[in-house]
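Here's the structure we're looking at; comments come further down.
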Amino acid sequence: MKKSVLLGTIAAVGVMAGVASAGTLDDVKANGVLKCGVSTGLAGFAAPDANGRWEGFDVAVCRAVAAAVLGDGDAVQFVPLTTKVRFTALNSGEIDMLSRVTTWTFSRDVDLGLTFAGVNYYDGQGFMVRKDLGVASATELDGATICITTGTTTELNLADYFRANGMSYEPVPIETNAEAQQQYLAGACDVFTTDASALAATRATFESPDEHMVLPEIISKEPLGPVVREGDEPWGDIVRWTLNALITAEEKGVTMGNVAEMGAAAGPDPEINRLLGTEGGLGAMLGLEANWAANAIAVGGNYGELFEANVGEATPIGLSRGLNALWTQGGLIYTPPFR
Amino acid sequence: MAMADQPAGKSFRLSMLLYDTRYRSMTIQIIMLAAFIAGVAWLLDNMYANLAAANKNPDFTFLSAPAGYDINQRLVEYTSQSTNARAWLVGLLNTLLVAFLGCIIATVIGISVGVLRLSKNWIVARLMTVYIEIFRNVPVLLWIAFLNAILSETLPQPKDFKGEDAEATMSLWNTVIISNRGVFIPEPVFLSGSAIMLYVFIASIVAIFAFGRWASKDQETTGRILPTFWIKLAILIVPTLIVYFVMGQPVDWILPAFEGRGAFDANGEPYTKGIFRIDADSGINIRRSLIALCLALSLYTAAFIAEAVRAGIMAINKGQSEAAGALGLRQNRVMSLVVLPQALRVIIPPLISQYLNLTKNSSLAIAVGYMDVTGTLGGITLNQTGRALECILLLMITYLTISLSISMVMNIYNNSVKLKER
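Chains as they are written, first to last, in our numbering: chain F, 908 to 1246; chain L, 8 to 429.
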């Protein structure tokens, strides 16, 4: 009998894998809703607000894609996923895209059957400690007990960093960001490590953020971006170019306020015209409406507006643009041209 | 075979397969079996086709690749450069450790509570009922998380031990550190001569069994009742202790200590840099995750064992204990000589399934960050390699093997206590 249970499970996996084969764009259009995988709760990136509406920088990417495809930024079903189940959920077709502070790595891209649609945040792994611990640098962390969210690239970076520096540590693996926060505040670990942006977001939610500090060392490259299943190129193109549209919009000064006006009729700048669909047929090439990008921008604004509204310096999270400034302003945010 | 039973001369017709009751059940079973095999084959074929379409052919080579991550509790040597297979082994040993400790603690608590629930003392009996009902009716995951939260929030942090007027101090004459990271106890270091101690200790255990047999035989022939418990305890401890001092105390103890205390840097200043912490190499660290998990699992399972014990005791006819009482046996003797030996036959089978439950429930370990086999092979390895199907298959085989082994051992024990029909 135990054998039959085993086979049943295999069969269930097999059936689930079968669901994922149809074209994602057609599925989303047929359902009238985009199923988007997000964090289980990370302030600034993806968290429900007081009214239960999902808000955040990652959430904004989901909404922009939904607006581009369906014309409605609220036609999104948010699926909160832990780090552990995120890729399985994507591969099995449970979600259409994953926008969940996910690092673009070689093995994930090549081996796991994923396609990264770009980078919406250039991040790196950092350490947060209590100020009264008396530590000013990550090199003084020898012997520390470190809380770490399991199933992430940070786990491997941490092992590499401490090995390279000849230091020892005690890892405390934790499933979700919220649990890690509780353990860190209870003093069950000296250090909390994850992407520096998430550290800033977590610190912002503390009762007294001033008692904690993020150490200066950034020990890894963590380019975070939206992910789709491998093998569905048309859908991958839509997600990739929606993100690019948001970036180009910032570059060209198209904002949430003026997008309706600029998209109404062709203007003097041909690239803006192509972007907003008043000229050429870029939308049709993607299988979308001509005003797809205008819809995406209208939801929450361009890349810069989304950044400032969700994680920027005016928010409690207070991240500066840094690497995530436009390439014209010394950052890495760059997009191929719309033509 | 069935064909041979047929009266001669009556030929076999095909319709008999359906209409003749001698063959009907066999026909149905064969058809069902064929349908089952076909169904399984179809599902497997479907699975392989879909996995191939998703570029995911089953591949176990990841097991020999470096794992790349660290594990806090290691019963065997392991570094981040060890293989995934090694990480599997580390996790497996952690699972076995928590299951072993959990089963023992659960049995001790369960039997005590089960007996006490039948106590004539109203308060004791009610208290035990409350304990059983509370633990049995709340999911074990909540108990694990609850105990973990209590331990991490209430016990002192390492920094609380710092300074002249520290908030917390070491326990048991400065030999044990109880912190929210874990309980640090002294670690024995066996020097030359300690091997003799080990031999003496083993000899003592053998002697205890021999004494037990002699004592019960002696009681049967003469009726003398010896205080066996105290004598056995003395046999266990005294010879080893004597050898310990005769050999010149061959066991050294590494006491848990705080790092940086009393150390000085190159300029002769007190060492203040880095983290004030408990020295990882001093003493044995019983991690909070292990304590919380083990305690929650055993308290939860003990509630079920207690009910099994109560059922077993109540299954014994009241006349048995009354008759024993009439013969002049005291109550504890009635329990240990008359009731429990018979009750065990009723208790053992549900006890087996409780042990299996505890072992399988230990897979909830990740809730407290305890790196059991689900945490290593089914958690981090699965995540980092993306080999979900392979990891889950190996994990299922692992748990199946553990469960069947426990079952086998317990069944042997069950056979030894069951009613001997002569």
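For every residue, glycine included, the Cβ atom is placed at its ideal position computed from N, Cα and C.
Asked: Spatial neighbours of T247/L in its chain, beta-carbon cut-off 7 Å, leaving aside the 5 residues before and after; Found: M204, V207, F208, S211
Asked: Helix, strand or coil at A974/F [DSSP, three-state]; Found: helix
Asked: Exposed unless 16 or more other CB atoms sit within 10 angstroms - verdict on E1157/F; Found: buried
Asked: Three-state secondary structure (DSSP) of P277/L; Found: Residue confidence for P277/L is low, a pLDDT of 49 falling below 50, so the modelled location carries little weight; the figure read from the coordinates is stated next. Strand at P277/L.
Asked: As assigned by DSSP and simplified to three states, the class of Y85/L; Found: coil
Asked: With 16 other Cβ atoms within 10 Å as the buried cut-off, status of G269/L; Found: Low confidence applies to G269/L: its pLDDT is 43, below 50, so where it sits in the model is not reliable, and the reading given next is rough at best. Its Cβ having fewer than 16 others within 10 Å, G269/L is exposed.
Asked: Amino acids of chain F, ordered along the chain, whose beta-carbon sits closer than 9 Å to that of D225/L; Found: Simply none; closest approach about 49 Å.
Asked: R337/L burial status per 10 Å Cβ neighbour count (16 or more: buried); Found: exposed
Asked: Reduced DSSP category for P1133/F - H, G, I as helix; E, B as strand; rest coil; Found: coil
Asked: Interface partners of A45/L on chain F, CB under 7 Å; Found: By Cβ distance, chain F contributes nothing, its closest Cβ being about 13 Å from A45/L, past 7 Å.
Asked: Whole-angstrom C-beta distance between G1033/F and L977/F, which should lie under 8 Å; Found: Wrong, their Cβ atoms sit about 37 Å apart, outside the cutoff.
Asked: Close Cβ partners of L24/L (< 6 Å) along its chain, the five nearest in sequence each way excluded; Found: Y30, T34
Asked: Residues near G232/L by beta carbon distance below 8 Å, same chain, minus five either side; Found: Here residue 232/L turns out to be Ile, not Gly, going by the sequence shown. The answer, listed in chain order, is Q226.
Asked: Short-range partners of chain L found in the stretch 1084-1109 of chain F, where Cβ spacing is below 7 Å; Found: Q1090, A1093, G1094, A1095, D1097
Asked: First and last residue of the uninterrupted beta strand (DSSP E) at V196/L; Found: 194-197
Asked: Reduced DSSP category for S223/L - H, G, I as helix; E, B as strand; rest coil; Found: helix
Asked: Same chain, Cβ closer than 6 Å to Q361/L, neighbours up to 5 away in sequence not counted; Found: T308, F311, I312
Asked: Where K991/F falls, given that 16 or more other Cβ within 10 Å makes a residue buried; Found: buried
Asked: Candidates L1150/F, N998/F, D965/F, A975/F, of which the one nearest S1006/F by Cα; Found: D965/F
Asked: Own chain, CB closer than 8 Å to T947/F, minus 5 neighbours either side, in chain order; Found: P987, L988, T989, T1083, N1084, A1085
Asked: Sequence ranges, beta strand (DSSP E) only - wholly within the stretch 148-180 of chain L, length at least 3; Found: none
Asked: Environment of N324/L [buried if 16+ CB atoms lie within 10 Å]; Found: exposed
Asked: Three CB pairs or more closer than 8 Å across the stretch 1205-1225 of chain F and the stretch 968-975 of chain F; Found: yes
Asked: Within 8 Å, strictly: CB atoms of F1099/F and L1182/F; Found: no
Asked: In DSSP terms, what G385/L is bridged to; Found: DSSP, once it has assigned bridges, lists no residue as partnering G385/L.
Asked: Candidates F1023/F, F985/F, W961/F: closest to E1137/F by CA position; Found: F1023/F
Asked: Within chain F, the residues that Q164/L reaches when beta carbons sit closer than 7 Å; Found: G1094
Asked: Chain-ordered neighbours of E160/L on chain F, where CB pairs are closer than 7 Å; Found: A1093
Asked: Within-8 Å CB hit, A395/L to chain F; Found: yes
Asked: Q1236/F burial status per 10 Å Cβ neighbour count (16 or more: buried); Found: exposed
Asked: Extent of the continuous alpha helix (DSSP H) run through E1157/F; Found: 1140-1159
Asked: Closer than 9 Å at the beta carbon, the chain F residues around M417/L; Found: Residues of chain F passing the Cβ test: none, with the nearest at roughly 18 Å.
Asked: Own chain partners of S928/F with C-beta closer than 6 Å, once the 5 adjacent residues on each side are dropped; Found: Because S928/F sits at a pLDDT of 49, beneath the cut-off of 50, its placement in the model cannot be relied upon, and the point is left open.
Asked: V1161/F versus A1221/F - alpha carbon distance; Found: 21 Å
Asked: With 16 other Cβ atoms within 10 Å as the buried cut-off, status of I285/L; Found: buried
Asked: Y1076/F in three-state terms, based on DSSP; Found: strand
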